[in-house]
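2 protein chains.
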Amino acid sequence: MLYPELDTPCVVIDEAKVDANIEAFQRYCDLHGIQVRPHIKTHKLPYLAQKQLDVGAKGITCQKIGEAKVFADAGFDDILISYNIVGAAKLERLRALAARVRSPAVVADSAAVLDGLSAAFADSGLSLDVLVECDTGAGRCGVQSPEQAAELAARVQQLPGLRLRGLMTYPAAYNEARVQQWFSEATALCEARGIELEVFSSGGTPSMWHAHEAPVVNEYRIGTYVYQDRSQVAAGACGEDDCALAVLTTVISVPAPGRVIVDAGSKALTSDLLGQDGYGQVVGYPAARVRSLSEEHGILDFGACASLPVVGDRLLIVPNHACPVSNLFDEVHFCRDGKLSHSRQVDARGKVR
Amino acid sequence: MLYPELDTPCVVIDEAKVDANIEAFQRYCDLHGIQVRPHIKTHKLPYLAQKQLDVGAKGITCQKIGEAKVFADAGFDDILISYNIVGAAKLERLRALAARVRSPAVVADSAAVLDGLSAAFADSGLSLDVLVECDTGAGRCGVQSPEQAAELAARVQQLPGLRLRGLMTYPAAYNEARVQQWFSEATALCEARGIELEVFSSGGTPSMWHAHEAPVVNEYRIGTYVYQDRSQVAAGACGEDDCALAVLTTVISVPAPGRVIVDAGSKALTSDLLGQDGYGQVVGYPAARVRSLSEEHGILDFGACASLPVVGDRLLIVPNHACPVSNLFDEVHFCRDGKLSHSRQVDARGKVR
Numbered sequence: 001m002l003y004p005e006l007d008t009p010c011v012v013i014d015e016a017k018v019d020a021n022i023e024a025f026q027r028y029c030d031l032h033g034i035q036v037r038p039h040i041k042t043h044k045l046p047y048l049a050q051k052q053l054d055v056g057a058k059g060i061t062c063q064k065i066g067e068a069k070v071f072a073d074a075g076f077d078d079i080l081i082s083y084n085i086v087g088a089a090k091l092e093r094l095r096a097l098a099a100r101v102r103s104p105a106v107v108a109d110s111a112a113v114l115d116g117l118s119a120a121f122a123d124s125g126l127s128l129d130v131l132v133e134c135d136t137g138a139g140r141c142g143v144q145s146p147e148q149a150a151e152l153a154a155r156v157q158q159l160p161g162l163r164l165r166g167l168m169t170y171p172a173a174y175n176e177a178r179v180q181q182w183f184s185e186a187t188a189l190c191e192a193r194g195i196e197l198e199v200f201s202s203g204g205t206p207s208m209w210h211a212h213e214a215p216v217v218n219e220y221r222i223g224t225y226v227y228q229d230r231s232q233v234a235a236g237a238c239g240e241d242d243c244a245l246a247v248l249t250t251v252i253s254v255p256a257p258g259r260v261i262v263d264a265g266s267k268a269l270t271s272d273l274l275g276q277d278g279y280g281q282v283v284g285y286p287a288a289r290v291r292s293l294s295e296e297h298g299i300l301d302f303g304a305c306a307s308l309p310v311v312g313d314r315l316l317i318v319p320n321h322a323c324p325v326s327n328l329f330d331e332v333h334f335c336r337d338g339k340l341s342h343s344r345q346v347d348a349r350g351k352v353r
Numbered sequence: 001m002l003y004p005e006l007d008t009p010c011v012v013i014d015e016a017k018v019d020a021n022i023e024a025f026q027r028y029c030d031l032h033g034i035q036v037r038p039h040i041k042t043h044k045l046p047y048l049a050q051k052q053l054d055v056g057a058k059g060i061t062c063q064k065i066g067e068a069k070v071f072a073d074a075g076f077d078d079i080l081i082s083y084n085i086v087g088a089a090k091l092e093r094l095r096a097l098a099a100r101v102r103s104p105a106v107v108a109d110s111a112a113v114l115d116g117l118s119a120a121f122a123d124s125g126l127s128l129d130v131l132v133e134c135d136t137g138a139g140r141c142g143v144q145s146p147e148q149a150a151e152l153a154a155r156v157q158q159l160p161g162l163r164l165r166g167l168m169t170y171p172a173a174y175n176e177a178r179v180q181q182w183f184s185e186a187t188a189l190c191e192a193r194g195i196e197l198e199v200f201s202s203g204g205t206p207s208m209w210h211a212h213e214a215p216v217v218n219e220y221r222i223g224t225y226v227y228q229d230r231s232q233v234a235a236g237a238c239g240e241d242d243c244a245l246a247v248l249t250t251v252i253s254v255p256a257p258g259r260v261i262v263d264a265g266s267k268a269l270t271s272d273l274l275g276q277d278g279y280g281q282v283v284g285y286p287a288a289r290v291r292s293l294s295e296e297h298g299i300l301d302f303g304a305c306a307s308l309p310v311v312g313d314r315l316l317i318v319p320n321h322a323c324p325v326s327n328l329f330d331e332v333h334f335c336r337d338g339k340l341s342h343s344r345q346v347d348a349r350g351k352v353r
């Protein structure tokens, strides 16, 4: 039986694969002169962020102040919150965080966000680093043109309490040429205004091995690469064997030919499809399909498989998307060579604010 | 500003709507002689389960032993775990739970599951109630025919430590005629063997108001009805005004015409589509579309709306599926007449085992 010490469903992480994933990308970035700033949203574990720093990462990226606080408590002092911080409660918490962290930074994509940040930091005696977020094609946050980026960069420089650091984008995958052009144009417009930029931050796991194709980029924010997952295999970021995180699950019913029900549903695997067929990949059964999920049941189709598990058997399922799976479990279990080595609380789980 | 005391994203629950939802279905079931056994998977709160019992519910339904334990700790003593319990660790925990609960019950859909239960309870001095789970068309767990149901019922009676109570199904929605026929056939086959059944348990919110169309059913397990949600409006179970749970979120960016970014992503709303267009309904903006979610960002399309929110504005979003949203937040906030009344820890959140 797989991992007899563990009850299911639970998250099992192959630590040797994690170590290899972290090291391989750091080596790639070292080669190309890119600083790595791992995004902790994937693992939410100071334990793994420390490994990332130990091999050479510059600092960490968080999405939420609550996440950043967990990591500040654990001693991390170079933290970028890659998110527009809006509203009095969050600004107060950000200021409290910034007072304890050597290098606090955020992003902003509008005058409204900048004005709020400046109002919170102007008389604080603290300085907050700001990167202007640029929408280079992903269609989420970010200023819409290099002109707007230069405009906002100028505003950062004028506002008390803030220090302009550079530009940031969360790009569409495989869009390095566009990032290169966009950042270069914005840089030229800034230079024409006498504004200097130091940091050009891009990110994303899907096209991680193409980061060097946007040579202007000198910092890369990356989360999923630490565990990898089924959607990253499909994106070409890794092979199946690089996937370090899986959900360990028990077969609870085989009610009809080929239909296998497991105790991992959407509250273990999430409903994220990310363009995949089915909700995960069953390890060792390439033809099995995770057909549908209800909250506590996974409905698997083994019709195309030569052999069928029975009630009580355990399966490992690699999720489509590893990051939100981490967020569903209070603890995760690390293993080496198929044996449990240690368990960890997911310290920053559920830090939604 | 909506709920100025709360930071976003967070879950806001209109308690008057909850009370009305609970009472309306209880009244309907009283009228039709059906016992209500609410499924706590939706709210995970003893506070609301007590309300359900106070108006007449018979007991509660849980999916996981860990959930049942939270409710046993809170004094609930009539608990059905509507799940196949498989594996030594879970059987031991089930036995410990059964020792503290007046009326512990589970379901089973195979000899393998039954044999495990009996082995755990045979010499325990305890008796475990068992319902045979029947697949009446939903295609998840359950025996596949009335013949198999009778067969398994006979086995329950032969096994020490177990007490046969009846039949259970989680049916496809609007399938009451099939449930009626299926249960009736199984009952006749049981009677022919001298086996008496007491409980005929069905459930599900989508066709909740049609429960009486399967008159054989004398117990109804129901979860979502307490909050309702967007998919239940679509299913005809309720109106938009009955939806009691919403995610309160802040606009963090309006980077392009009609594109509104909020701080509620898939870690607040989940990726559950349940056949809906978009990931939720923005209250007060019927033409707004929750186009896509990343983990911490909701990307909303306001292109068809007459007015546009600005950065810092707050919106309420009714999720497609309320149950997994409860599972993402450590606490929820109850309100009355648009004002915060009290907050509660989600006691059974994350009890995945």
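Taken in order, these protein sequences are the chains called A and B. Numbered per full-length UniProt numbering, the first sequence spans residues 1 to 353. Numbered per full-length UniProt numbering, the second sequence spans residues 1 to 353. Beta carbons: idealized from backbone N, C-alpha and C, even for Gly. Remember, predicted model here, so these are calculated numbers, not experimental data.
Residue i versus residue j - alpha carbon distance
| i | j | result |
| --- | --- | --- |
| G116 (chain A) | F200 (chain A) | 23 angstroms |
| G194 (chain A) | A153 (chain A) | 11 angstroms |
| P324 (chain B) | P146 (chain B) | 33 angstroms |
| A98 (chain B) | P104 (chain B) | 5 angstroms |
| Q281 (chain B) | V156 (chain B) | 46 angstroms |
| A96 (chain B) | R353 (chain B) | 15 angstroms |
| N84 (chain A) | T42 (chain A) | 19 angstroms |
| H39 (chain A) | G236 (chain B) | 42 angstroms |
| V262 (chain A) | R165 (chain A) | 49 angstroms |
| Q345 (chain A) | S326 (chain A) | 10 angstroms |
| V179 (chain B) | D277 (chain A) | 31 angstroms |
| C10 (chain A) | F329 (chain A) | 7 angstroms |
| V101 (chain A) | E331 (chain B) | 28 angstroms |
| R314 (chain A) | T250 (chain A) | 4 angstroms |
| P255 (chain B) | V143 (chain A) | 6 angstroms |
| I252 (chain A) | A214 (chain B) | 28 angstroms |
| Y227 (chain B) | E15 (chain B) | 9 angstroms |
| Q52 (chain A) | E23 (chain B) | 54 angstroms |
| F71 (chain B) | G59 (chain B) | 11 angstroms |
| V86 (chain B) | G137 (chain B) | 23 angstroms |
| S82 (chain A) | T205 (chain B) | 40 angstroms |
| K351 (chain B) | Q63 (chain B) | 10 angstroms |
| A311 (chain A) | G275 (chain A) | Per the sequence shown, the amino acid found at residue 311 (chain A) is Val instead of Ala. Taking the straight line from one Cα to the other gives about 30 angstroms. |
| E133 (chain A) | G125 (chain A) | 25 angstroms |
| L6 (chain A) | V106 (chain B) | 22 angstroms |
Enclosing beta strand (DSSP E) for residue i [first to last residue]
| i | result |
| --- | --- |
| L245 (chain A) | L245 to A256 |
| G239 (chain A) | First-last for G239 (chain A): undefined, no H or E at that position. |
| I317 (chain B) | R314 to P319 |
| S124 (chain A) | Element bounds for S124 (chain A): n/a, residue is neither H nor E. |
| V199 (chain B) | V199 to G203 |
| I85 (chain B) | Run containing I85 (chain B): none; DSSP gives neither H nor E here. |
| S207 (chain B) | Neither: S207 (chain B) is in no beta strand (DSSP E) and is coded neither H nor E. |
8 angstroms contact criterion, which residue i and residue j should meet: CB distance rounded
| i | j | result |
| --- | --- | --- |
| L131 (chain A) | L162 (chain A) | Wrong, their Cβ atoms sit about 11 angstroms apart, outside the cutoff. |
| A246 (chain A) | V318 (chain A) | 5 angstroms |
| L159 (chain A) | L114 (chain A) | 6 angstroms |
| N320 (chain A) | D229 (chain A) | 6 angstroms |
| F25 (chain A) | Y279 (chain A) | Their Cβ separation, rounded to whole angstroms, is 27 angstroms, which puts F25 (chain A) and Y279 (chain A) out of contact at 8 angstroms. |
| S220 (chain B) | I34 (chain B) | Note on identity: in this sequence residue 220 (chain B) is Tyr, with Ser being the wrong assignment. That pair is a contact at about 5 angstroms. |
| K90 (chain A) | I65 (chain A) | 6 angstroms |
| C305 (chain A) | A288 (chain A) | 5 angstroms |
Opening and closing residue of the alpha helix (DSSP H) in which residue i lies
| i | result |
| --- | --- |
| C190 (chain B) | E176 to A192 |
| D115 (chain B) | A111 to F121 |
| D73 (chain B) | I65 to D73 |
| P146 (chain B) | P146 to Q158 |
| A96 (chain B) | A88 to A98 |
| S266 (chain B) | S266 to L269 |
| V325 (chain B) | A322 to S326 |
Minimum Cβ-Cβ distance from residue i to chain D less than 9 angstroms
| i | result |
| --- | --- |
| E147 (chain A) | Although the question refers to chain D, the structure presented lacks it and instead comprises the protein chains A and B. |
Segments assigned beta strand (DSSP E), at least 3 residues, entirely inside the region 14–53 of chain A: 35–38
Residues of the region 55–68 of chain B whose Cβ lies closer than 8 angstroms to any Cβ of chain A, in chain order: Within the region 55–68 of chain B, the residues whose Cβ lies closer than 8 angstroms to some Cβ of chain A are Q63 and K64, listed in chain order.
Proximal residues, the region 99–113 of chain B versus chain A, C-beta separation under 8 angstroms: So the list reads D109, S110, A112 and V113, given in the order they occur along the chain.
Contact set between the region 329–352 of chain A and chain B, restricted to residues whose Cβ is under 9 angstroms from the partner: F329, D330, R349, G350 and V352
Chain-ordered residues of the region 284–309 of chain B with a beta carbon less than 8 angstroms from chain A: Sequence-ordered contacts of the region 284–309 of chain B with chain A read S294, E295, E296, H297 and I299 [C-beta pairs closer than 8 angstroms].
Contact residues within the region 3–20 of chain A, judged by C-beta distance below 8 angstroms to chain B: D7, T8, P9 and C10
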